[in-house]
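I have placed the structure first, in the form of structure tokens, so that the comments after it can refer back to it.
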Amino acid sequence: GLFFMARFIKQMIEKNKVKTIQKDLKSFESKL
């Protein structure tokens, strides 16, 4: 149970990182 939860949380963090990176790229592109 604990291992599964840790892995799930890790995946959520990775997805959030990707989303924020994509947002940063879009805002950066709009500045160009």
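For the sequence shown, my numbering gives the first residue as 140, with consecutive numbering after it.
We put the beta carbon where it would ideally sit given N, CA and C, even for glycine.
Just so it is clear, the structure is predicted and the values come from calculations on it, not from any experiment.
Proximity test, residue i beta-carbon vs the ligand SAM heavy atom, cut-off 8 Å
| i | result |
| --- | --- |
| F143 | Among the ligands in the structure shown, none appear at all, so the ligand SAM cannot be discussed. |
is_contact[residue i, chain C] using C-beta, thresh 9 Å
| i | result |
| --- | --- |
| K170 | Absent here is chain C; the protein component of the structure consists of one chain. |
Span of the alpha helix (DSSP H) around residue i
| i | result |
| --- | --- |
| L164 | L141 to K170 |
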